[in-house]
Amino acid sequence: MEIVKPLTQYLAVMLLSPLLPGVINRVKAFFGGRRGQPLLQLYFDLYKLFLKTPVYSRTTTWVFKAGPVVGVSALVAALAVLPFAGRPSFLTFEGDFIFLLYLLGLARFVTVLAALDTGSAFEGMGASREMQFAVFAEPAFFLGLAALARVTGQSSLAGMFGALTGDIWRTAAPVLALLTASLLIVLLAENSRVPADDPNTHLELTMIHEVMVLDHSGPELAYILYGAALKLWLFGSLIACMVLPRHSGSWALNSALFILMMLGMAVAVGVLESIIARLRLTKVPYLLITAFAFSALALIFQMGR
Amino acid sequence: MHTFAELIIVFVILLDLALAVTGSLSSCIRLVAMQGVVAGLLPLLAGSGAPHTRAVIFAVVIVILKGAVFPRLLMRARDKSGARKDVEPLISYPASILLCLGAFIASSWLGSRLPLPQANVAWIVPASLSTIFTGFLLITTRSKAITQVLGYLVIENGIYIFGLALFVEQPLMVELAILLDVFVAVFVMGIAIFHISREFDHIDTAELSELSDWRRGEYGK
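Protein chains in written order, with the working numbering: chain E, 270 to 574; chain G, 78 to 298.
Listed below in structure tokens is the structure:
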């Protein structure tokens, strides 16, 4: 019986995460005065892409084919340590946040390798940008999680978010507010959302993430799209666990509240994307350095308490 | 109440970071004004119990001076000088923000070593020291005369917050004297900047190192 709930949570994440981009797109369409795509558009897209036959360029090797598969597997594995509604998933151990970070790093690495493998100048440019921004985003994320570990005195993700309660928010509100802000910036940057990148643009000169996946097609593109949705869920749920620390006794109620919170996160991201403009490419590192500064401040604050 | 005061301290530090990365002169002026107002309100929140009447009056005076009068004067000086509207830093913005962070780390170390009476609110000493450092940063790494005035104001904010760590209510005469000093300084700087820009067509301090009859191009340049 003990394994049923974590498995249900895990399956729910797998099934629900493609809903988030749909919600974001609907919110953006609303702000733009359009009706927008159906909420379930990503599910349709994934279904369509899985039926297609992929096309490969003659310059590519097995690295190109392995990239999307390894990338999505890394994210699927990363979700196994991710807490759901402040409850542990079925895989949890001390220091698993480092494991999570390295899985995200692996996913990025294989995507970049696959992009370089195409031999296309555009994809190489995208790969370079992705790595450049990762240099700033990863320390911010890592320091943020380290500060959270320090606040709660736990070193596993499930422990950290499980130990967060309303009381901690009352005593350490400045630290947690800084961490939430930092995580939100990292979410926007890592998921190629608006101030850092625009998921809709298909002009290579301005793209970061999208340009790396231009040559993928068929099921491999489906893996990439699905992996992006999982990544959005991953970062979103960290923030949702952070700002929703209240745990009532009932598992069903908690989970329902958490899923609602995730949809709320998606709406918030959609609103953010609608009301702010994309940053100039050279300014994106400033944004990420700001996130790094927030995380570092939170850590210093917590160390000195 | 103290959590609220702590939030304000965090806000002051975030304003320091914002000052280190802001490129536009007018938003720099606004940020400094905001910091002054926030610092002025801090003694009302940091004390225990209801604040003294004198403290309230004093806070109101500070808020009016730092929040309305100084920004007005500085904006006027900026408009009159006809200079470019950005701060023209000598080092890059990321370097500024990293210096600010380093200053905060150093000042939290220093704050833990200084033999001071136990402050009511955590982080007052590191916040004030790093605010003072931000003021120095503005003075040394920005190339306009007007940002030097701004740096001076930020240092004054830092000193004011540092005073809170020692006494919740500062001796009135001391604080009034400082305020008068700053007021005169801003006033004089405003006039001086106006004159400098009229004489030399710019307020860039790097250009002020040459004598006026030392014409550019005549002596080997």
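Heads up, the beta-carbon is just placed ideally off N, CA and C, and yes, glycines get one too. Nothing here was measured: the structure is a model prediction, and the numbers come from that model.
Here residue 100(G) is exposed: its Cβ has fewer than 16 other Cβ atoms, across all protein chains shown, within 10 Å. Residue 573(E) has a beta carbon lying within less than 7 Å of a beta carbon in chain G.
Under the three-state reduction of DSSP output, residue 464(E) falls in the coil class, being neither helix nor strand. If you check the CB distance, residue 348(E) and residue 273(E) do not come in under 7 Å. In this structure, the beta-carbon distance from residue 482(E) to residue 493(E) falls below 7 Å. With distances taken between CA atoms, residue 353(E) lies nearest to 524(E) out of 524(E), 566(E), 545(E), 552(E). In the assembly as shown, residue 318(E) is a buried residue. Its beta-carbon has 16 or more other beta-carbons within 10 Å. The region 372-381 of chain E makes no contact with the region 526-538 of chain E: fewer than 3 CB pairs, one atom from each, lie closer than 8 Å. Annotated as proximal: residue 413(E) and residue 448(E), with beta-carbon spacing under 7 Å. Here the alpha carbon of residue 82(G) sits roughly 21 Å from the alpha carbon of residue 178(G). For the region 423-456 of chain E, the residues whose beta carbon sits under 8 Å from a beta carbon of chain G are, in order, 439, 440, 442, 443, 446, 447. In the three-state reduction of the DSSP assignment, residue 357(E) falls in the coil class, being assigned neither a helical nor a strand state. DSSP, reduced to helix, strand and coil, places residue 101(G) within a strand of the structure shown. The shortest CA-to-CA distance from residue 511(E) to any of 290(E), 356(E), 303(E) is the one to 356(E). Residue environment: residue 429(E) is assigned as buried (16 or more neighbouring CB atoms within 10 Å of its CB, all protein chains considered).
In this structure, residue 333(E) sits near residue 383(E), with a CB-CB distance shorter than 7 Å.
Proximity of the region 387-405 of chain E to the region 435-452 of chain E falls short of the contact definition, fewer than three beta-carbon pairs being nearer than 8 Å. Residue 290(E) sits in a helix when the DSSP states are folded into three classes. Sequence-distant partners of residue 419(E) (beyond 5 residues in either direction) whose C-beta falls short of 8 Å from its own C-beta, in its chain, are 568, 571, 572.
At least one C-beta of chain E is nearer than 7 Å to the C-beta of residue 83(G).
What residue 192(G) touches in chain E, judged by beta-carbon distance under 9 Å, is nothing: the nearest beta carbon there is about 17 Å away. Residue pairing of residue 163(G) in beta bridges, as defined by DSSP: 101(G). In the DSSP assignment, residue 542(E) falls within the unbroken alpha helix (DSSP H) covering 520-544.
Contact note: residue 211(G) does not reach chain E at a C-beta cutoff of 8 Å; the least C-beta distance is about 13 Å. In the three-state scheme derived from DSSP, where H, G and I count as helix and E and B as strand, residue 407(E) is classed as helix. Rounded to whole angstroms, the gap between the alpha carbons of residue 410(E) and residue 555(E) is 15 Å. Contacts with chain E at 7 Å (Cβ-Cβ) include residue 174(G).
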